[in-house]
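Which chain is which? The protein sequence lines are A and B, in order.
The first sequence begins at 1 in UniProt numbering and counts up by one.
The second sequence begins at 1 in UniProt numbering and counts up by one.
See structure below.
Protein chains: 2
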Amino acid sequence: MNPPRIVVVGAGHVGLYAALRLSKKLNRNRAEIVVIDPVPHMTYQPFLPEAAAGNISPRHAVVPLRRELKKCRIVSGEVTKVEHARKTVTIQPIDGPAYEMEYDHIIVAPGSVSRTLPIPGLSDRGIGLKTIGEAIYLRNHILDRLDVAAATPDEDVRKASLNFVFVGGGFAGIEALAEMQDVVADALKYYPELDPKEVHFILVEASNRILPEVGPEMGAYTARQLAGRGVDLRLSTFLQSCVDGRIVLSDGDTFRAETLVWTAGVKPSPMLASTDLPLGPKGHVNCLPTLQVADLETNEVWEGAWSAGDCAQVPDLTNPGGYCSPSAQHAVRQAKVLADNIAQVVLGGAPKDYRHKHVGGVAGLGLNKGVAHVYGIKVKGYPAWLMHRFYHVSRIPSFNRKVRVVADWVLAFMLKRETVALGQLHRPREDFTEVTPPVELPGEEKVGAGAR
Amino acid sequence: MNPPRIVVVGAGHVGLYAALRLSKKLNRNRAEIVVIDPVPHMTYQPFLPEAAAGNISPRHAVVPLRRELKKCRIVSGEVTKVEHARKTVTIQPIDGPAYEMEYDHIIVAPGSVSRTLPIPGLSDRGIGLKTIGEAIYLRNHILDRLDVAAATPDEDVRKASLNFVFVGGGFAGIEALAEMQDVVADALKYYPELDPKEVHFILVEASNRILPEVGPEMGAYTARQLAGRGVDLRLSTFLQSCVDGRIVLSDGDTFRAETLVWTAGVKPSPMLASTDLPLGPKGHVNCLPTLQVADLETNEVWEGAWSAGDCAQVPDLTNPGGYCSPSAQHAVRQAKVLADNIAQVVLGGAPKDYRHKHVGGVAGLGLNKGVAHVYGIKVKGYPAWLMHRFYHVSRIPSFNRKVRVVADWVLAFMLKRETVALGQLHRPREDFTEVTPPVELPGEEKVGAGAR
Chain A
1 MNPPRIVVVG
11 AGHVGLYAAL
21 RLSKKLNRNR
31 AEIVVIDPVP
41 HMTYQPFLPE
51 AAAGNISPRH
61 AVVPLRRELK
71 KCRIVSGEVT
81 KVEHARKTVT
91 IQPIDGPAYE
101 MEYDHIIVAP
111 GSVSRTLPIP
121 GLSDRGIGLK
131 TIGEAIYLRN
141 HILDRLDVAA
151 ATPDEDVRKA
161 SLNFVFVGGG
171 FAGIEALAEM
181 QDVVADALKY
191 YPELDPKEVH
201 FILVEASNRI
211 LPEVGPEMGA
221 YTARQLAGRG
231 VDLRLSTFLQ
241 SCVDGRIVLS
251 DGDTFRAETL
261 VWTAGVKPSP
271 MLASTDLPLG
281 PKGHVNCLPT
291 LQVADLETNE
301 VWEGAWSAGD
311 CAQVPDLTNP
321 GGYCSPSAQH
331 AVRQAKVLAD
341 NIAQVVLGGA
351 PKDYRHKHVG
361 GVAGLGLNKG
371 VAHVYGIKVK
381 GYPAWLMHRF
391 YHVSRIPSFN
401 RKVRVVADWV
411 LAFMLKRETV
421 ALGQLHRPRE
431 DFTEVTPPVE
441 LPGEEKVGAG
451 AR
Chain B
1 MNPPRIVVVG
11 AGHVGLYAAL
21 RLSKKLNRNR
31 AEIVVIDPVP
41 HMTYQPFLPE
51 AAAGNISPRH
61 AVVPLRRELK
71 KCRIVSGEVT
81 KVEHARKTVT
91 IQPIDGPAYE
101 MEYDHIIVAP
111 GSVSRTLPIP
121 GLSDRGIGLK
131 TIGEAIYLRN
141 HILDRLDVAA
151 ATPDEDVRKA
161 SLNFVFVGGG
171 FAGIEALAEM
181 QDVVADALKY
191 YPELDPKEVH
201 FILVEASNRI
211 LPEVGPEMGA
221 YTARQLAGRG
231 VDLRLSTFLQ
241 SCVDGRIVLS
251 DGDTFRAETL
261 VWTAGVKPSP
271 MLASTDLPLG
281 PKGHVNCLPT
291 LQVADLETNE
301 VWEGAWSAGD
311 CAQVPDLTNP
321 GGYCSPSAQH
331 AVRQAKVLAD
341 NIAQVVLGGA
351 PKDYRHKHVG
361 GVAGLGLNKG
371 VAHVYGIKVK
381 GYPAWLMHRF
391 YHVSRIPSFN
401 RKVRVVADWV
411 LAFMLKRETV
421 ALGQLHRPRE
431 DFTEVTPPVE
441 LPGEEKVGAG
451 AR
């Protein structure tokens, strides 16, 4: 008899940690673990702001699946359909025809995507911060703007290039803004043409507070800290449009900005709509505290289907009636319980409930600056920044990767961090096609001529 | 009186080294040095193959202009016209209107671009290796192909993904092929689905030898070395077409390949045609051995105009009747003489001739493998590889950068090099636009509706 097959849909925080733990608990005779993701690495999202700032190399802010999940089978593709009724997923590989795969257990963990609003211009101008590609693009785009501003004779272009708008004052937005403001302040030392006073970082936040994850007191501290660094905080304000870089805010202000970062929350992956699993009103998969997928009205368990993380609605047992927030903290801990529960079930046991009280958060706000509120203790400044770094190095999987990240930090500390834009990464074929005009095959040329 | 202005067009090997040396020789009261380049860094091209292999971080294979040329004025833009008759350049900044700048001396050093041929499909499929963007794209593209091959159920896609074609057996091509073959061999350890025998690296070279820079004996050694590693060498062979990845060779062979690297030589930058300087038949700027631009028929010197490197035709005084080959070796040494000559002229002296006998070359062929032929001494294997690394670390400007490169090597040695693809770097906005449909401004919507 073949061992049961466990299919993991998505290799984010949940997928990676669950697969890693399962592969340690169940050897190959006990279970076959298949991890399906179009991207060959997990993205350690809490490090994206530091990667954008250049403190961590892009490749060190991700976890290569094949290197860390040696006992799992890795499939590079997208799951386009889950038919749990017949325990089958449809896989669309990067290239070639789609095919089906059967399973005994499924971990549905495609995670979340940027939650955007129907704002004119946003599709053209917005930069998200969910992938390593976006983080490095943000870095190069912002540093490129300094070069544009320094070289242009056009005052309007100069101003627009030096306006950096961030929408969304949660964790991702504040960390990204704070890190980029910090790196731009560093970079400006090399730009005698630019006056630091010309550079404007603008935070647009719909609610009247920032960084709710660390509580009102630390949120207010962060706001003061950023304001002291010259950041322009627009609370209770919405972005109304940004067509061609013309920013229109709900407070009546309007100006041009060449940079618009969108970090106003996330929503469950839209791929969930292509499953026959029970979804909640916001598009999450409904789960029991055991992380088993279930119909919440009938409490009927969908045997063999599991979910967790940003895409799942998991009751928060420490806050009756509430649900776990979409955060890496919950995702990682849920992954552990999820893996243990599947192992239990495979070995004939019973699953346990997930119960974790969110302990607060710690955020880096640029080099040597941070804020934290964990286990009821409030910390700010340098100690909070150290906590931020220690915490995430302890969290990122594998010793190898921890050494790489620390080495990056040491190097940046000793040699000053690099502030040069590598914009060519994002348009790699431009130079070549510029000097290589297209040539048609002789046969095609004739066909083309005949058709004309 | 203002000090004379020296405009440097292009910050490649010639531009960077000449500007660096000039700014040390002439302080701000003696000369104003303006360096114009659309890219904010010099690309240390000899490191591109190692950057593609992942032994060096992308940002460490380049030299940030503003960090290394602190005494120069950096202008991020393209020189679209040189009118030496009135000593004026036209600068097109990255954004904003073009403008003119006058000069007293000009160093014309836009370097070279890929020399491509009118081959059907080349514009669509070819990957050059002149920029850091191309090097990292090549890396991610090749590693991505392993993921494609491992996941696809389509045999044809699998085969095409595992065929890697390199056209051009000179320095750049051989180093790139050897490094990528080496890194793929490393990566395959993580791909139990792929048999190393399925992977084909194919070198297409029009002449009957490879690596002419190290002489026939060492070239033959390199060919044997590569053949021993399974590389398929096609000498005296041309690429005839590569439409949609269907490779057609002049030896009659035809097959599909998803990777086509084009390193078949370089030609002078086409921007030279927008100057009023005297150009040779191949598009080079004609120079005297003093690196002064000159009309070669009349020997008339174009006072104040200088050139060197890949874009210049400089008589090789060690080989009467010949010209210096386009190589980093000549470029760097010419830059030194060029800077000294300008400093001499500015201070009232006379320029000296450039005279350097090409000393041969040293090439890395993957980790711990190399070949060298310098000053008549032939070296191969590990010692040659060490020479390659020592030589280039000694050459790359600034102590800071040397430390970074060595740190990268040490890290890759201790922790094994990373072989994961970061393809998202090259399509950074895809995820965001996928979840953000375009929305028109209310006004525009009406116009659109009316027009329909």
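Backbone N, C-alpha and C fix where the C-beta goes; we use that ideal spot for every residue, glycine too.
Roughly how many angstroms separate the alpha carbons of Val359/A and Leu422/B, rounded to a whole number? The count along the first sequence starts at 1 and reaches residue 359/A at position 359. The count along the second sequence starts at 1 and reaches residue 422/B at position 422. For Val359/A and Leu422/B, the distance between alpha carbons rounds to 33 Å.
Name the chain B residues whose beta carbon is nearer than 9 Å to that of Lys130/A? Stepping through the first sequence from its first residue, residue 130/A is reached at position 130. At a C-beta separation below 9 Å, Lys130/A has these neighbours in chain B: Asp431, Phe432.
Complete runs of the alpha helix (DSSP H) confined to the region 336 to 369 of chain B [at least 4 residues]: Complete alpha helix (DSSP H) runs here, min 4: none at all.
Determine the chain A residues that contact Leu367/B at a beta-carbon separation under 8 Å, and present them in chain order. Locating residue 367/B in the second sequence gives position 367, counting from the first residue. Contact of Leu367/B with chain A by beta-carbon distance below 8 Å is absent, the smallest such distance being about 17 Å.
Among the residues of its own chain, which have a CB less than 6 Å from the CB of His392/B, if the five just before and after it don't count? Within the second sequence, numbered from 1, the residue matching residue 392/B stands at position 392. When the five nearest sequence neighbours on each side are left out, the beta carbons in the same chain lying within less than 6 Å of the beta carbon of His392/B are those of Pro46, in order along the chain.
Have a look at Gly376/A and Pro212/A and give me their C-alpha separation to the nearest angstrom. Numbered from its first residue, the first sequence carries residue 376/A at position 376. Numbered from its first residue, the first sequence carries residue 212/A at position 212. Across the structure, Gly376/A and Pro212/A are spaced so that their CA atoms are roughly 14 Å apart.
Simplified DSSP state of Tyr191/A, which is helix, strand or coil: Here residue 191/A refers to the residue found at position 191 of the first sequence. Note: Tyr191/A maps to coil in three-state DSSP.
Cross-chain neighbours of Arg404/B in chain A, by beta carbon under 9 Å: Taking the second sequence and counting its residues from 1, one reaches residue 404/B at position 404. Proximity of chain A to Arg404/B at the Cβ level (cut-off 9 Å) is accounted for by Leu411, Leu415, Glu418, in chain order.
Of all Cβ atoms in chain A, is any one closer than 9 Å to the Cβ of Tyr354/B? Taking the first residue of the second sequence as position 1, residue 354/B is located at position 354. Chain A, which has no Cβ nearer than 9 Å to the Cβ of Tyr354/B, makes this no.
Using a beta-carbon distance cut-off of less than 9 Å, what residues from the region 50 to 64 of chain A approach chain B? Taking 9 Å as the Cβ-Cβ cut-off against chain B, the residues of the region 50 to 64 of chain A that qualify are Gly54, Ser57, Pro58, Arg59, His60, Val62, Val63, Pro64.
Ala98/B beta carbon less than 9 Å from that of Met218/B: In the second sequence, the residue the question calls residue 218/B occupies position 218. In the second sequence, the residue the question calls residue 98/B occupies position 98. Not closer than 9 Å, so no.
Beta strand (DSSP E) containing Pro93/A: first to last residue? Indexing the first sequence from 1 puts residue 93/A at position 93. Note, Pro93/A: beta strand (DSSP E), 88 to 93.
Any beta carbon from chain B within less than 9 Å of Ala407/A's own beta carbon? Working through the first sequence from its first residue, we reach residue 407/A at position 407. Interface residue (Cβ-Cβ distance to chain B less than 9 Å): Ala407/A is classified as such.
Answer yes or no: does any C-beta atom of chain A fall closer than 9 Å to that of Pro93/B? As a working mapping, residue 93/B is identified with position 93 in the second sequence. So, interface residue.
Enclosing beta strand (DSSP E) for Ala305/B [first to last residue]: The count along the second sequence starts at 1 and reaches residue 305/B at position 305. Residues 300 to 307.
Under 6 Å Cβ to Cβ from Ile33/B, same chain only, skipping five residues before and after it: list those, please. Residue mapping note: residue 33/B aligns to position 33 of the second sequence, counting from 1. The beta carbon of Ile33/B sits closer than 6 Å to those of Ile6, Ala19, Leu22, Ser23, Cys72, all from its chain and outside the five residues before and after it, given in chain order.
Would you decide whether Arg59/B is buried or exposed? Buried here means 16 or more other CB atoms lie within 10 Å of its CB. Within the second sequence, the letter at position 59 stands for residue 59/B. Burial state of Arg59/B is buried, judged by a 10 Å Cβ sphere holding 16 or more other Cβ atoms.
Once DSSP output is grouped into helix, strand and coil, what is the label at Lys446/B? To locate residue 446/B, count along the second sequence from 1; it is residue 446. Note that Lys446/B has pLDDT 43, beneath the 50 cutoff, so the model's placement of it is unreliable and the number below is only indicative. DSSP places Lys446/B in helix when its eight states are reduced to three.
Does the distance from the C-beta atom of Ala11/B to that of Met180/B stay below 9 Å? Taking the second sequence and counting its residues from 1, the one referred to as residue 11/B is at position 11. Taking the second sequence and counting its residues from 1, the one referred to as residue 180/B is at position 180. No; because the gap between Cβ atoms is not below 9 Å, this pair is not in contact.
Rounded straight-line distance, which links the Cα of Ala150/B to that of Thr436/B: Here the question's residue 436/B lines up with position 436 in the second sequence. Here the question's residue 150/B lines up with position 150 in the second sequence. The straight-line gap from Cα to Cα measures roughly 31 Å.
Looking only at C-alpha atoms, which of Ile36/A, Leu16/A, Glu50/A, Ala328/A sits nearest to Asn368/A? Along the first sequence, read from residue 1 onward, the residue named residue 368/A stands at position 368. Closest option to Asn368/A, judged by alpha-carbon separation, among Ile36/A, Leu16/A, Glu50/A, Ala328/A: Glu50/A.
In the structure shown, what three-state DSSP assignment does Thr259/B receive? The residue labelled residue 259/B in the question sits at position 259 within the second sequence. DSSP, read as helix, strand or coil, puts Thr259/B in strand.
Taking one C-beta from the region 237 to 257 of chain B and one from the region 135 to 154 of chain B each time, how about it: are there three or more such pairs within less than 8 Å? By the criterion of at least three beta-carbon pairs nearer than 8 Å, the region 237 to 257 of chain B is not in contact with the region 135 to 154 of chain B.
Starting from Leu203/B, trace the alpha helix (DSSP H) in both directions and tell me its first and last residue. Position 203 of the second sequence, counted from the first residue, corresponds to residue 203/B. For Leu203/B, there is no enclosing alpha helix (DSSP H); the residue is part of the beta strand (DSSP E) that begins and ends at 200 to 204.
If the cut is a Cβ gap below 9 Å, which residues of chain B does Pro351/A touch? Residue mapping note: residue 351/A aligns to position 351 of the first sequence, counting from 1. For Pro351/A, no chain B residue has a Cβ inside 9 Å of its Cβ, as the nearest lies near 31 Å away.
Sorted by chain position, which residues of the same chain lie with C-beta nearer than 8 Å to Val108/B's C-beta, five sequence neighbours on each side aside? By one-based count along the second sequence, residue 108/B stands at place 108. Excluding its 5 nearest sequence neighbours in each direction, Val108/B has C-beta neighbours in its own chain below 8 Å: Val9, Gly10, Val82, Leu272, Thr275, Leu277, Val285, Val293, Ala305, Trp306, Ser307, Cys311, Ala312, listed in chain order.
At a CB distance below 7 Å, what residues from the region 95 to 107 of chain B approach chain A? Give them in sequence order. So the close ones are Asp95, Gly96, Pro97, Tyr99.
Contact set for Gln344/B: own chain, Cβ-Cβ below 8 Å, skip 5 residues either direction: Here residue 344/B corresponds to residue number 344 of the second sequence, with the count starting at 1. Counting only residues of its own chain and dropping the five nearest sequence neighbours on each side, Gln344/B has a CB closer than 8 Å to the CB of Ala350, Pro351, Lys352.
Use the C-beta contact count for Asp340/A: other C-beta atoms within 10 angstroms, 16 or more gives buried, fewer gives exposed. Mapped onto the first sequence, residue 340/A falls at position 340. By the neighbour-count definition (other C-beta atoms within 10 Å, threshold 16), Asp340/A is a buried residue.
When DSSP labels each residue in this structure, what does Phe164/B get in the three-state scheme? Your numbering for residue 164/B matches position 164 in the second sequence. In the structure shown, Phe164/B sits in a strand (DSSP, three-state: E or B).
With burial defined as no fewer than 16 other Cβ atoms inside 10 Å of the residue's Cβ, what is the status of Leu347/A: buried or exposed? As a working note, residue 347/A is residue 347 in the first sequence. Burial call: exposed.
Closest residue to Tyr382/A among Leu365/A, Pro397/A, Val374/A (Cα-Cα distance): For this step, residue 382/A is matched to residue 382 along the first sequence. Comparing Cα positions, the closest option is Leu365/A.
Give me the residue from Val184/B, Arg66/B, Lys357/B, Thr263/B with the minimum Cα distance to Leu122/B. As a working mapping, residue 122/B is identified with position 122 in the second sequence. Taking only the C-alpha atoms, the option nearest Leu122/B is Thr263/B.
Is Gly173/B helix, strand or coil by DSSP? One-based indexing of the second sequence puts residue 173/B at position 173. Gly173/B falls in the helix class under three-state DSSP.
Ala151/B versus chain E: which residues are under 7 Å apart at the beta carbon? Protein chains A and B are contained in the structure displayed, whereas chain E is not.
Own chain residues within Cβ distance below 6 Å of Leu338/B, not counting five before or after: Mapped onto the second sequence, residue 338/B falls at position 338. If we look at Leu338/B and ignore the five residues flanking it on each side, its Cβ neighbours are Ala18, Leu291, Trp306, Ala308.
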